[in-house]
Amino acid sequence: MSELLWFFGVAACVKLLLIPSYHSTDFEVHRHWLALTHSLPLSKWYSDETSPWTLDYPPFFAYFERVLSIFANLIDTQIVHLQEGLNYSSDTVVLFQRITVILSDLCLLYGVYRLTKDLDSRRRISIWVLIIWSPMLVIVDHMHFQYNGFLLGLLLMSLSYLEEGRDLMGGFVFAVLLCFKHLFAVAAPVYFVYLLRHYCWGGFVRGFRRLSVLGAVVVAVFAAAYAPFVYHGQIQQVLHRMFPFGRGLCHAYWAPNFWTFYIILDKGLAFFLKKLGFAIQIPAASFTGGLVGDSSPFAILPQITPLTTFTMVLLALSPCLIKAWRDPRPGMITRWVAYAYTCGFLFGWHVHEKASLHFVIPLATVAVQNLDNARHYFLLSIVSCYSLFPLLFEAQEYPIKVLLLLLHSIIMWLAFSAQFTKEETAPIKKKVDQLEKRSSNATAKRGEGFVIGGVEKSYLVGLLAVEIWGQLLHPLLFGDKLSFVPLMLISIYSGLGIMYSWIWQLRWIIRSPNI
Amino acid sequence: MGILRHRGIGWRSPLICHPRNGILTVQAMISATGDLTILPLLPTRVMSMACFSDSSILKQFLFSLLEATSLILVLYFIAVYYAGHSNGRKTDIAWHIAIMLLNPCLVLIDHGHFQYNCISLGLTVAAVAAVLSEKELLACFLFCLGLNHKQMTAYFAPAFFSHLLGKCLRRQNPLLEVSKLGLVVLGTFALVWWPYLHSMEAFLRVLARLAPFERGIFEDYVANFWCTTSVLIKWKKMFATESLKLFSLGATISSCLPSMVQQIWAPSSQGFLYGLLNSAFSFYMFSFQVHEKSILLPLLPATLLALEEPFLLKWITLNALFSMFPLLCRDKLVLPYIALSALFILICHHVPDRRQDRKETRSFNSFMTTFLVFCSVVLHGVYLTMDPPSRYPFLFEAVIMLLCFSQFMFLAFYSNAKQWMLLKHTILMDKEKKLL
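Heads up: the sequence lines are chains Z and A, in that order.
Letter by letter, the first sequence follows residues 1 to 515 in this note's numbering.
Letter by letter, the second sequence follows residues 1001 to 1436 in this note's numbering.
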């Protein structure tokens, strides 16, 4: 544990140094929520219109902000003042909010600790390095400013309970997590199927009793969150604020998901067919202008509605659900949940690129299991970190984000090399299955150490090329025109990497043997 | 055995399978663990630099270039220093590099307060490396370059002089060796000063700017002898600048004389490093117009000796940071100060544990150090929060200066003693050799 605190201490020092760096409008969002929850009664939290940054997270997060606002009030009352605090960005508020994020990472620390308790020291340290020193978390949480650290900590805690076999606790923590941020609900089908089969199966009476206990726990958690709003008759308003579907298929900067390719295909086809002489109705709204519209007009390909994305996510998730139904093994739950978030990222509606955190962090815990996983994770974490670069667009942060990624890749490379030259064949976790044993036997036969293949190497070189184009060649050749092209290139190129990760994960899940 | 080809980080033998356990895998494990810590440190340095500056990308690129240069020179030193140690573990090396590069004082002064010390310090480190690898002419050249970059590097000149002289005297033809070195020095100076050598007047003008004696023997509150004793003895009021110049010259030379004599008598690599520390300390204590930032100069040899004397390094760094605290507060660098000091303490926490023979003084040591650390933390808080009384507006600076001065004097005595103990050690070894 003291070693873990050492890692946390070093990360905290780096985060302290990054306090004066750029913060986005999310900073003002959270400050406003501090003011909102502090100054107004509960009944007005979800209906207040003082600021465009309305509360769009579930009630537990609002309670969390309420608790923080008590401390904020002690430090500087202007932070929590509803009118005077608008766009307040003096040193005190920056310091206060940044330090709350650093402290909330202690929850992530606990989650990682629980998940890696039973591993041997080398793997444990690798996982700690991958998660606690993750550059994605530093960029999103400590610079761009959000509170993902402790939410991911809750997710990891829930996964650790499930892996230990304590399904009720796992379900409870996941329900709590859902009441903090509803975006995590993408994995709810997996949880549902797994808990049903693993916890509630086996005999009618026992199964039914367990199902009712589980149901009661989940309902109790949701009641604790939403009951005050039901009491005030606000529940419609709350749901309306939490699910703002009028936002369009893609964010202003396209997250590297499937819809990026869909849009490009549509544009390409429209252009091509127009050249061929067909009368194509090109809609007025454009994706490339970065506008966030209500609906997403497509010229050729079929229109996409929220319902379409929902069904596609479920379709993509179905192999995983079928596997979970047929063979609910605790050792595989992390992979299934990470796969669920990958599907949600690829096919969801109005996905932010920050959502890639949800599957990259849990995958870090399985990356150390064997060579294949490590290679996949090496590629995935570099690509998803790179896709976050447009979040920090000021010149001041450029060296910082590049160096964070470089540092991380170097440390990752060294950690994996140190681990896979040992060619150990012993099983690592107590609930290991034969797949892991077989793969590590394969490593022993090859005796190669950690090397990545030619395709992956050329992909990473291509990443470098995209960056050079965006930073150097594009301004040289085009100046200020076509400024969307570098961003589009980043989206598409990272999208390729994430699609590859999806297919790899799907293959792994389908091929895992049934016992 | 079979041909081992180096591929990436791991080793691969095409002909023979590695034994699963035994010396080969142990070596691979150690090397990989060491690599684990060496390579990330290089970008960390540049990153901590990037966190401070708020200027354009071009400036940052130039920064990185300078950083890269001093970095390469540091790595040269490390390569030479560990070339002699056949059983130097890579984790030791990695930790040593970390300490040298992530030295909080250097990072704060160079990138916070803003100066370019890393270049002259880097050149000095390279010169030290050249001396350790017996390339004396290269060492002279590099040191003169460093000297011409920042005249503060002259703090190390006595150590270089005495060590090289001692080595030359042991050779067959001392006069030839000395003249070779002298020629290199003169040549380098001529090369660098070329534009100003066309007339005596230009030359003297440059010299006058380099050594501004009219500023007085000390300025502000620096933890050296003159400033601290001026609390009791008002030097500036009692003596004229001319006589103060003579006093400081005399004091400096007499305090670095023991170390110089030791090196001329019995030059050795270890002794040379201690000599650097001692001469830098004596200049810092007694020289004319010393600035707080000059504490970086004694700090450098302390980092070079990091593995031999971890306690010395920790103590001198913490006191150096503390002595610079008022300066950093004025520059609004309190938060980086806290973050970098914490980072330094965390890295020191992982010091490779070589010395086990200090257990008898451990209890007294730890009590004193804990007490002093506690005092300094309290002083930090007091300085930040409370206002000094109007009768003594610089009271807190004076107290900080007193505390740091006492520690520096203690450390200077300690390192001088260590250098002389090395002499005893070498005499003993010589006697043994003669007996054999």
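All C-beta atoms, glycine included, are put in the ideal place defined by N, C-alpha and C.
Predicted model, so just to flag it, every value in this text is computed and none were measured.
- Take A225/Z, set aside five residues on each side of it, and the residues of its chain with a beta-carbon closer than 7 Å to its own are P58, P59, F60 and C179, in chain order.
- For F1141/A, the three-state secondary structure derived from DSSP is helix.
- Checking the DSSP bridge columns, you'll see V351/Z partnered with C250/Z.
- Apart from sequence neighbours up to five positions away, the residues of its chain that approach Q78/Z with a beta-carbon distance below 7 Å are E84, G85 and Y88, ordered along the chain.
- Think of a sphere of 8 Å around the beta carbon of I1338/A: the chain Z residues whose beta carbon falls inside it are L16, in chain order.
- Beta-bridge partners of F1218/A (DSSP): V1290/A.
- For the segment 1315-1345 of chain A, residues whose beta-carbon sits nearer than 8 Å to a beta-carbon of chain Z comprise L1335, P1336, I1338, A1339, L1340, A1342 and L1343.
- In terms of CA proximity to Y1116/A, A1068/A leads the group A1068/A, Y1284/A, F1394/A and W1095/A.
- For L1232/A, the secondary structure class from DSSP, reduced to helix, strand or coil, is coil.
- Counting along the chain, D26/Z sits inside the alpha helix (DSSP H) bounded by residues T25 to S39.
- No Cβ-Cβ contact shorter than 9 Å links Y1221/A with V1206/A.
- Not a single C-beta of chain Z is nearer than 9 Å to the C-beta of H1163/A.
- Taken atom to atom, the span from the alpha-carbon of A1302/A to that of A1154/A is near 17 Å.
- The beta carbon of G171/Z sits closer than 6 Å to the beta carbons of L195 and L214 from its chain, once the five residues preceding and following it are set aside; these are given in chain order.
- Within chain Z, the residues whose beta carbon sits less than 8 Å from that of H1349/A are W6, listed in sequence order.
- When C-alpha distances from L321/Z are compared across A72/Z, A187/Z and I75/Z, the shortest belongs to A187/Z.
- In chain order, L1343 and L1346 make up the part of chain A whose C-beta sits under 7 Å from the C-beta of V10/Z.
- In the three-state DSSP reduction, L1197/A falls in the coil class, being neither helix nor strand.
- F174/Z and H81/Z have their C-alpha atoms roughly 33 Å apart.
- Assigned with DSSP and collapsed to three states, V80/Z falls in coil, not helix or strand.
- One alpha carbon belongs to I510/Z, the other to W504/Z, and they sit about 10 Å apart.
- Residues of the segment 362-393 of chain Z whose Cβ lies closer than 8 Å to any Cβ of chain A: none.
- Using a CB distance cut-off of 9 Å, P20/Z counts as an interface residue toward chain A.
- Counting along the chain, the unbroken alpha helix (DSSP H) around R507/Z starts and ends at F484 to R511.
- Spanning the alpha carbons of K1237/A and A11/Z requires a straight line of approximately 51 Å.
- Taking a beta-carbon distance threshold of 9 Å, C200/Z does not count as an interface residue toward chain A.
- Of the other Cβ atoms in all chains shown, fewer than 16 fall within 10 Å of the Cβ of P41/Z; this residue is therefore exposed.
- Taking the CA atoms as reference points, L106/Z sits about 50 Å from A1157/A.
- For a Cβ distance threshold of 8 Å, residue set A1339, L1340, A1342, L1343 and L1346 of chain A lies close to C13/Z, ordered along the chain.
- DSSP places D118/Z outside both helix and strand once states are collapsed to three, so it counts as coil.
- Per DSSP, the continuous alpha helix (DSSP H) segment holding W259/Z begins and ends at F258 to L276.
- In the displayed model, E397/Z falls within a helix according to three-state DSSP.
- The residue among F258/Z, F229/Z, M332/Z and S104/Z with its C-alpha nearest the C-alpha of H350/Z is F258/Z.
- Rounded to the nearest whole angstrom, the CA to CA distance from L1257/A to F1161/A is 12 Å.
- For Y88/Z, there is no enclosing alpha helix (DSSP H), since its DSSP letter is neither H nor E.
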